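Protein chains: 2
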Amino acid sequence: MNLKQLSEHLNLSQTTVSRALNGYPEVSESTRTRVLKAAQDLNYRPNLRAKGLATGRALAIGHVIPVSNQHEMVNPVFGDFIAGAGESYARAGYDMMLKLVPDRDETRAYEDIRARGTVDGIIVHGPVINDERIALLSRIGLPFVVHGRSTDVNLPYSWIDVNNRGAFERGTQFLIELGHKRIALLNGLEHMDFAFRRRKGYETALRNHGISIDTSLMRSEEMTEIYGYRAAKEMLARSQKPTAFVCSSIITAIGVRRAIHEAGLVLARDVSIITHDDALSYLENGDDVPIFTALRSSVRYAGSEAADMLLSLIALPQKGPKTRLLEADLIIGRSTGPAAT
Amino acid sequence: MNLKQLSEHLNLSQTTVSRALNGYPEVSESTRTRVLKAAQDLNYRPNLRAKGLATGRALAIGHVIPVSNQHEMVNPVFGDFIAGAGESYARAGYDMMLKLVPDRDETRAYEDIRARGTVDGIIVHGPVINDERIALLSRIGLPFVVHGRSTDVNLPYSWIDVNNRGAFERGTQFLIELGHKRIALLNGLEHMDFAFRRRKGYETALRNHGISIDTSLMRSEEMTEIYGYRAAKEMLARSQKPTAFVCSSIITAIGVRRAIHEAGLVLARDVSIITHDDALSYLENGDDVPIFTALRSSVRYAGSEAADMLLSLIALPQKGPKTRLLEADLIIGRSTGPAAT
DNA sequence: AGGGTTTTCCAAAGCGCTTTTATTTTTGCC
DNA sequence: GGCAAAAATAAAAGCGCTTTGGAAAACCCT
């Protein structure tokens, strides 16, 4: 069932039917209801490809996931972000396109996306420091919203981000106020902008309290469980072991917890953990009492907001760029306590 | 830069240029190279919408994720599956569309997808027992591959699945052979087909060894950490506590481990855990020595294979339906030991 | 050289929709 | 009742590509 058939069935022109369907005013109410009813009854749905070709809009948003060759990891945060964004798209009648792009031919990939015309805008994931994609996208004129920010990029662009620096400063300070002095940081990969900012926050808190920065207590890796485990195991074997860990992800924190147990130590009493918590649906941080003291910020919410932002940007480009800084909540759980003396 | 402009630039007709670009034989080698070179130089890329409209193919695959209203969870497995599939699509020049569909209006959604014409086929996620989507999709004639199977559906259809039943039978038997008798099952939601099959496998093993099935040791919930923790905590508080747990997910297993620690018990010595392991990139099950004894099956590989299967099905529909049963590997880790006497 | 093939290229139609422009019908007013 | 204006509908062009049905050019025989 296509427009032509529908219009023949109704004894109307395609024009009139199209207008009736799309809510244009130059069609009488009586025919409009008649058309709507027929469309409903005959189960008519416009072909989006044709519609897109005619209107120049694709009614789809692209999500570009950089896939680095060294790090095959799929960011676990991704599923929840997409879920949030998906809700927004569904409401707006937009489709979501996913594109995994090996980071070596990113430039090509974005130009490709632009030329293929399958999306009206894109969400940029995983920005790094001085991310060149931002300049590229501005240049080729494809609307976009960055999930995160990019330090050292001075162009104006739209983004939504958590206050990573503030959160980690606050979390570290929380530990310091509990009397901790040797505080380890198990960060994500620090060429990633979020991780870079988290380190800055951590360092700021230490500096503010006159604690010297000890690089032997700092790690930067992909945020897996095994990473947390190994790093903590190694650090806890030292004579001058850290009394607290700041983790970039609950998954890493779980690894740290494993190492703590294995070393015969007790969480919160002997060693504290504070972690960032993306509020992932399958990794709920406890129930009433959180397992981990955490800096919580729902990545699902961020996804939904990012999508809404992009959609409004596409509708009214002149209103951009837009930015939005979300604050993480510090929630006290059972993984922190006063520093062991 | 579109076809028309390119052809004018080359002083050729659109026909010839199109044919040269798409590898049709009725064009001389010399003009072909000339066209290819110009396309390259001028950075020409065909508009996919137009191409799709003309050919009737969308060059895109849809992934439909059912979003139940009660369970807001995003399956953590999803990211890795998508990553695997994405690789296959990238190779074939296909795009990937994601669609989150609330399960109440699924029928509508699939018809919609069909009519909108934005995809050439779909991957069905999260099949339940007697999944009605299979009949629906067969009826509307949209090529599809199910990730998993659906018990009680008798139509022929294409699927790729892990031998869940076999895996859980084997895992349970492994525990029995270690002397365990009170073996708990922390399963996923059992209206989901995979979970149903896992229970069958578990029950078969018990039955084969004359162990009676104790429903008080069986749970069926969404596979979160907190679920594993709560269930294990409750069961370990009994006088007749289980000596081993069979878990449907590493995440749940982590929750069980937490409960074991908290109860002052020692993993593998006092209580054993065996778990299914989807080989998620961010939840690696240890390194040389696996943390958990597990039934491992890479969901990423499944994603890639599912995508390839669907693509070949689209190319040659008469070759279908295809099916593929993957076997899970039993890997021995540090979470199992002989039953405490 | 001339007729038949084969090769190479092209004009035009068509994919299903929107939108511009044109035409017909209805309405409002004196 | 008649005319202009407004409302309703229609015809046709266009979005960027593929593909059908020819036509022109090149090639191959005898």
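Protein chains in written order, with the numbering used here: chain A, 1 to 341; chain B, 1001 to 1341. Cβ coordinates follow ideal geometry from the N, Cα and C atoms, glycine included. Computed from a predicted model, the values in this text were never measured in an experiment.
Is residue i helix, strand or coil by DSSP?
i	result
M235/A	helix
F292/A	coil
T1151/B	coil
T1118/B	coil
K1322/B	coil
M1/A	coil
L330/A	strand
D1287/B	coil
V266/A	coil
D1278/B	coil
L1136/B	helix
G337/A	coil
S249/A	coil
A1312/B	According to the sequence provided, residue 1312/B is Ser. The question's Ala does not apply to it. Helix.
P156/A	coil
S1304/B	helix
Nearest chain A C-beta to residue i closer than 8 Å, yes or no?
i	result
H1125/B	no
T1243/B	no
M1096/B	yes
L1053/B	yes
D1287/B	yes
E1221/B	no
L1100/B	yes
E1234/B	no
L1048/B	yes
D1329/B	no
S1087/B	Sequence check: residue 1087/B is Glu here, not Ser. Judged by the 8 Å Cβ criterion, E1087/B is in contact with chain A.
V1035/B	no
A1135/B	no
A1090/B	yes
A1058/B	yes
With DSSP as the reference, identify every bridge partner of residue i, one or two as the case may be.
i	result
V1145/B	I1123/B
S1272/B	A1244/B
V27/A	According to DSSP, which records beta bridges pairwise, V27/A is partnered with nothing at all.
P1102/B	V1067/B
V1128/B	M1192/B
M97/A	G62/A and M1097/B
For a test of your reading of the model: does the CB of residue i fall under 7 Å from any non-hydrogen atom of the ligand ATP? Yes or no.
i	result
A92/A	The ligand ATP is absent from the structure shown, which contains no ligands of any kind.
Under a CB-based cut-off of 8 Å, is residue i close to chain B?
i	result
Y282/A	yes
F78/A	yes
G117/A	yes
I254/A	yes
V271/A	no
T224/A	yes
S251/A	It should be pointed out that residue 251/A corresponds to Ile in this sequence rather than to Ser. At least one chain B Cβ lies under 8 Å of I251/A.
R45/A	yes
H276/A	no
V74/A	yes
H191/A	no
G8/A	Strictly speaking, residue 8/A in this sequence is Glu, with Gly absent from that position. Taking Cβ atoms only, chain B never reaches closer than 8 Å to E8/A, which makes this a no.
D112/A	yes
H261/A	yes
A82/A	Correcting the residue type first, residue 82/A is Ile in the shown sequence and not Ala. Yes, contact with chain B.
The region 1221–1231 of chain B touching the region 1256–1275 of chain B, judged by at least three CB pairs closer than 8 Å: yes
Inter-stretch contact (C-beta, 8 Å, three-pair minimum) for the region 22–34 of chain A and the region 80–90 of chain A: no
Segments assigned beta strand (DSSP E), at least 3 residues, entirely inside the region 159–239 of chain A: 159–162, 183–187 and 218–220
Contact between the region 1132–1150 of chain B and the region 1277–1291 of chain B (3+ Cβ pairs under 8 Å): no
Contact between the region 108–123 of chain A and the region 47–64 of chain A (3+ Cβ pairs under 8 Å): yes
Secondary structure, alpha helix (DSSP H): runs of 4+ residues fully inside the region 8–90 of chain A: 14–21, 29–41 and 48–55
Meets three-Cβ-pair contact criterion under 8 Å: the region 1321–1328 of chain B and the region 1154–1173 of chain B: yes
Stretch pair the region 1097–1117 of chain B + the region 40–56 of chain A: three plus CB contacts closer than 8 Å: yes
Three or more C-beta pairs below 8 Å linking the region 1165–1180 of chain B and the region 1202–1211 of chain B: yes
The region 267–277 of chain A touching the region 299–306 of chain A, judged by at least three CB pairs closer than 8 Å: no
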